[in-house]
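Student: First to last, the sequence lines map onto chains S and H.
For the first sequence, counting from 1, position 32 maps to 48 in the working numbering; every step adds exactly one.
For the second sequence, counting from 1, position 10 maps to 26 in the working numbering; every step adds exactly one.
Following this message is one structure expressed as structure tokens.
Protein chains: 2
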Amino acid sequence: MARAVSETHGEILAAAARQFAVTGYRGTSLQDIAREVGVSKASVLYHFANKEALLAELMAPAIAMLQSLDDKLAGLTGAAAQEVAATGFVDLAVRFRREIAVLRGEFPELLCQPAFMHIQEISDRLRNALAGYSDRPSAQIAALVLLAGISEACAEFVDVPDDDLRPALLTLVRRAVEPVDAPQPQPPTTEDKES
Amino acid sequence: MARAVSETHGEILAAAARQFAVTGYRGTSLQDIAREVGVSKASVLYHFANKEALLAELMAPAIAMLQSLDDKLAGLTGAAAQEVAATGFVDLAVRFRREIAVLRGEFPELLCQPAFMHIQEISDRLRNALAGYSDRPSAQIAALVLLAGISEACAEFVDVPDDDLRPALLTLVRRAVEPVDAPQPQPPTTEDKES
DNA sequence: GCCTTTTCTGACCGATCGGTCAGGCTCTGA
DNA sequence: TCAGAGCCTGACCGATCGGTCAGAAAAGGC
Numbered sequence: 017m018a019r020a021v022s023e024t025h026g027e028i029l030a031a032a033a034r035q036f037a038v039t040g041y042r043g044t045s046l047q048d049i050a051r052e053v054g055v056s057k058a059s060v061l062y063h064f065a066n067k068e069a070l071l072a073e074l075m076a077p078a079i080a081m082l083q084s085l086d087d088k089l090a091g092l093t094g095a096a097a098q099e100v101a102a103t104g105f106v107d108l109a110v111r112f113r114r115e116i117a118v119l120r121g122e123f124p125e126l127l128c129q130p131a132f133m134h135i136q137e138i139s140d141r142l143r144n145a146l147a148g149y150s151d152r153p154s155a156q157i158a159a160l161v162l163l164a165g166i167s168e169a170c171a172e173f174v175d176v177p178d179d180d181l182r183p184a185l186l187t188l189v190r191r192a193v194e195p196v197d198a199p200q201p202q203p204p205t206t207e208d209k210e211s
Numbered sequence: 017m018a019r020a021v022s023e024t025h026g027e028i029l030a031a032a033a034r035q036f037a038v039t040g041y042r043g044t045s046l047q048d049i050a051r052e053v054g055v056s057k058a059s060v061l062y063h064f065a066n067k068e069a070l071l072a073e074l075m076a077p078a079i080a081m082l083q084s085l086d087d088k089l090a091g092l093t094g095a096a097a098q099e100v101a102a103t104g105f106v107d108l109a110v111r112f113r114r115e116i117a118v119l120r121g122e123f124p125e126l127l128c129q130p131a132f133m134h135i136q137e138i139s140d141r142l143r144n145a146l147a148g149y150s151d152r153p154s155a156q157i158a159a160l161v162l163l164a165g166i167s168e169a170c171a172e173f174v175d176v177p178d179d180d181l182r183p184a185l186l187t188l189v190r191r192a193v194e195p196v197d198a199p200q201p202q203p204p205t206t207e208d209k210e211s
């Protein structure tokens, strides 16, 4: 068959992105991807050294953006770090919904593979930043819930346009994150309306 | 060997719970579970009809609690529904951290299996309740982010005691959820949702 | 003692996985 | 015209998966 100077490479990548997001990395076989593109499994392995290499190329842009967010956070503390982490991660999650969905579902094994080992550290730093570098458990918990939830939500709302999703998420994060050094409206004692 | 009137059944269940939570349902083989218990794979399949039956028995208590929460939500609307959904789901997530972690990671395929088909509907209703039955996208998004994030967070903080985790999550949810009939800064256009 | 029931096992099955390999096809430039 | 590069394939490999089955080993009532 031999198509015009390999658009096949890109087609495989696109099909893999689609299927990984739905079925997961482990749940998608090379055969599945090959079938969708209309080539043989051997052809997939001609274009990509192995399954992991295919995943790595797929994730590269998202990882690059995550890395650059990590760099931007390097010099910041407190509320400034929170704000940059919030806007940066929301942007990233909205733009790379599918890629993040893959990472989300298969954390334990994927992060053991050499190409993705540093991601755990980066996302730990991101969580710390979103918690305003507070070591209060409640701040850490809130940050983790938000990061995880946003990853999930973006994968779920595939059909919501970016420009609707982004502000909604950003508003949510700003409301939900535990403030650190901003002047707080009430003392941390329980001035509760519920109990 | 033939142990005293099968504690083996329970041991298999416990080992499966541990491994599913770490490696996922699909990522854990019957061989793995058998090895941890110290029996043969065939023995696992003597106590459980098949892998899915093992999972179903493991999930039963969590699903029962989810079902009862669903029942409790049946007659409620607005802020009352939000509050019950919030406390109920936080309780459930804290108590059944491991079980929820399994469901979380392997949604698409697990929910296709007959034993779990109705869970998707229940969790949709739960999300709606947490959104105060508002159809504003931002309310729906916030609810989904919170539900997903909490599931993830509980699985992550395995070593945090229940009594520390629960209030932290509850505070977060109450702060993050979009209020429906509480006094709002902007005039509510759609006060009446479904009557 | 013996017989039945419960518990457990090794050997085996078909299916599927990721990956290899030798070779065929088409295009291109000399 | 022909050699070589790029692209693609079917056949095949070893490993692992969930699951079956005949029968051994132990437990318990008689």
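The C-beta atom is built at its ideal place from N, Cα and C for all residues, glycine as well.
Just so we're clear, the structure is a prediction, and the values are computed from it rather than from any experiment.
Closest Cβ-Cβ distance between residue 73 of chain H and chain S: below 7 angstroms?
Tutor: No, residue 73 of chain H does not count as interfacial toward chain S.
Student: Show which residues of chain S have a CB atom less than 8 angstroms away from the CB atom of residue 151 of chain H.
Tutor: Residues of chain S passing the Cβ test: none, with the nearest at roughly 13 angstroms.
Student: Please tell me whether residue 154 of chain S has its Cβ less than 7 angstroms away from any Cβ of chain H.
Tutor: Answer yes: the Cβ-Cβ gap between residue 154 of chain S and chain H drops below 7 angstroms somewhere.
Student: Touch check for the segment 134–146 of chain S and the segment 44–63 of chain H: three-plus C-beta pairs under 8 angstroms?
Tutor: Result no; under three Cβ-Cβ pairs closer than 8 angstroms.
Student: Helix or strand or just coil, what does DSSP make of residue 59 of chain H?
Tutor: Residue 59 of chain H: helix per DSSP, three-state reduction.
Student: Assuming residue 158 of chain S contacts residue 194 of chain S (C-beta within less than 8 angstroms), just tell me the rounded distance between them.
Tutor: Rounded, the Cβ-Cβ distance is 5 angstroms, consistent with contact.
Student: Quick one: grab the DSSP three-state call for residue 69 of chain S.
Tutor: Note: residue 69 of chain S maps to helix in three-state DSSP.
Student: Can you tell me the Cβ-Cβ gap for residue 165 of chain H and residue 165 of chain S, rounded? I've got them flagged as a contact below 8 angstroms.
Tutor: The Cβ separation is near 3 angstroms, so the contact holds.
Student: By the criterion of Cβ-Cβ separation under 9 angstroms, what are the contact partners of residue 235 of chain S in chain H?
Tutor: An answer regarding residue 235 of chain S cannot be provided, because it is not within the stretch 17 to 211 covered by chain S.
Student: Can you give me the start and stop residues for the alpha helix (DSSP H) that residue 91 of chain S sits inside?
Tutor: No alpha helix (DSSP H) holds residue 91 of chain S; DSSP gives it neither H nor E.
Student: So, using beta-carbon positions, are residue 160 of chain H and residue 192 of chain H closer together than 7 angstroms?
Tutor: No; because the gap between Cβ atoms is not below 7 angstroms, this pair is not in contact.
Student: Return no unless some Cβ of chain S is closer than 7 angstroms to the Cβ of residue 157 of chain H.
Tutor: Closer than 7 angstroms: yes.
Student: May I ask you to report which of helix, strand or coil DSSP gives residue 132 of chain H?
Tutor: Three-state result, residue 132 of chain H: helix.
Student: Could you have a look at residue 194 of chain S and say whether DSSP puts it in helix, strand or coil?
Tutor: Reduced to three states, the DSSP call for residue 194 of chain S is coil.
Student: Can you name, in chain order, every residue of its own chain whose Cβ lies under 6 angstroms from the Cβ of residue 53 of chain H, other than the five neighbours on each side?
Tutor: 27, 28, 31.
Student: Measuring only the C-alpha atoms, how far is residue 55 of chain H from residue 120 of chain H?
Tutor: Those two C-alpha atoms are separated by around 29 angstroms.
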